[in-house]
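Residue 156 in UniProt numbering sits at position 156 of the sequence shown, with consecutive numbering throughout. The next block holds one structure in the form of structure tokens; read it before the comments.
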Amino acid sequence: MRALSMILRAAGALGIAAAVLAQWRRTQENEAAGTGETSFVSLNFFSFFTIESNVFAALVLGIGFFMMMRRGPEPKGFTLLRAIAVTYMATTGIVYNLLLRGIELPQGATVAWSNEVLHLAGPLLVVLDWLIAPGKRRLEPGMLWPIVAFPVIWAGYTLIRGALVLDPRTGSHWYPYPFLNPAASANGYFSVAFYVLLIAVMIWAVGALVLRTSRRLRIG
């Protein structure tokens, strides 16, 4: 099980990192071709929760690969980092595949294989790693707060940045997701507040399930 987990972690870290870099390069190329500002679009790119979740997951998998070279249970703090990564990646996979898959994007805007890694293969691999990798420590319910904190902070950052910054090409406010744009929502900030609350509840529910499995499915 340890050897298989090391292989999965190495493949996951490298695959997710390659997918993020491939999509980032495509995004910059698309913006440059449209005479946009690549520095602005790069900041936009890394403002997507999907991208941030995948970057974090790749780092956790990479660190986890080297930690598995030592025997014994992993540090409790690292188990918490794994719990955070699997919560965010599972949420990303659920939301995309249930609600966003099939929505057409501008031709050439995405790298097809990268899109599948970031929204399907990556989340599945991180969940599998959580379930089978040895060394997981018991996490108490109180550790749910660190899991929920970042998405709330991210939502606040997104709303503040969107209200203050204009896209130099379009002259309009930029938000990573339409449901967070008060100008595009039926009831403005009331609709946005509803979606932010919904995101927080979903993260809370998935995170609570992840913490519960840490107490039921400890291997090694």
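In this text, a Cβ means the ideal position worked out from N, Cα and C, and glycines have one as well. Since the structure is predicted, the reported quantities are computational estimates derived from the model, not experimental observations.
Of the residues the options, the one placed nearest residue i, counting alpha carbons only
i, options, result
"Trp-191", "Met-202, Ile-203, Val-201, Pro-178", "The question names Trp, but residue 191 is Ser in the sequence shown. Closest option to Ser-191, Cα to Cα, is Pro-178."
"Ala-17", "Thr-50, Arg-9, Asn-54, Leu-4", "Asn-54"
"Asp-167", "Gly-156, Leu-43, Ala-109", "Leu-43"
"Phe-138", "Val-196, Ser-172, Gly-77", "Rather than Phe, the amino acid found at residue 138 in this sequence is Arg. Closest by alpha carbon: Gly-77."
"Leu-198", "Val-95, Arg-71, Arg-216", "Val-95"
"Ser-47", "Glu-74, Pro-176, Glu-29", "Pro-176"
"Trp-113", "Gly-15, Thr-213, Ser-214", "Gly-15"
"Pro-73", "Ser-214, Ala-33, Lys-136, Tyr-195", "Lys-136"
"Pro-141", "Asn-115, Pro-123, Val-206, Ala-58", "Val-206"
"Arg-169", "Ala-11, Leu-99, Ala-33", "Ala-33"
"Ala-11", "Val-60, Ser-39, Glu-29", "Val-60"
"Ala-58", "Pro-123, Pro-75, Asn-97, Asn-115", "Pro-123"
"Phe-45", "Leu-99, Ala-109, Arg-71, Pro-75", "Ala-109"
Nonlocal neighbours in the same chain, by C-beta distance under 8 Å from residue i, ignoring five residues either side
i, result
"Arg-101", "His-119"
"Pro-146", "Leu-80, Ile-84"
"Phe-56", "Ile-84, Ala-85, Tyr-88"
"Met-143", "Leu-80, Ala-83, Leu-211"
"Ala-208", "Pro-141, Leu-144"
"Asn-97", "His-119, Leu-120"
Spatial neighbours of residue i in its chain, beta-carbon cut-off 6 Å, leaving aside the 5 residues before and after
i, result
"Gln-107", "Residue confidence for Gln-107 is low, a pLDDT of 49 falling below 50, so the modelled location carries little weight and cannot support an answer."
"Thr-158", "Leu-180"
"Glu-52", "none"
"Val-111", "Ala-22, Gln-23, Arg-26"
"Tyr-195", "Phe-179"
"Leu-164", "none"
Beta-bridge partners of residue i, as assigned by DSSP
i, result
"Tyr-166", "Checking the sequence, you will find Leu at residue 166 rather than Tyr. Looking at the DSSP assignment, Leu-166 forms a beta bridge with His-173."
Supposed contact pair residue j and residue i - C-beta distance, whole angstroms, cut 8 Å
i, j, result
"Val-41", "Glu-31", "4 Å"
"Asp-204", "Phe-49", "Checking the displayed sequence, the identity of residue 204 turns out to be Trp instead of Asp. Not quite, the Cβ-Cβ distance comes to about 15 Å (not below 8 Å), so this is no contact."
"Phe-65", "Arg-2", "Incorrect: roughly 11 Å between the Cβ atoms, too far for contact."
"Ala-13", "Gly-62", "4 Å"
"Gly-162", "Trp-174", "6 Å"
Same chain, Cβ closer than 7 Å to residue i, five either side skipped, listed in chain order
i, result
"Ala-200", "Val-148, Pro-151, Val-152"
"Ser-5", "Met-68, Asp-129, Ile-132, Ala-133, Pro-134"
"Ala-184", "Pro-178"
"Ala-193", "none"
"Val-117", "Gly-15, Ile-16, Ala-19"
"Ile-7", "none"
Proximity test, Cβ basis, 8 Å: residue i and chain B
i, result
"Ile-203", "Note that chain B does not occur in the displayed structure, where there is just one protein chain."
Distance cut-off 7 Å: residue i Cβ against heavy atoms of the ligand SAM
i, result
"Glu-29", "Summarising the ligand content, the structure contains no ligands, and the ligand SAM is consequently not present."
Discussion item. Pairs of beta-carbons, one from the segment 122–137 and one from the segment 85–95, closer than 8 Å: are there three or more?
Written reply: The segment 122–137 makes contact with the segment 85–95; the number of CB pairs closer than 8 Å reaches 3 or more.
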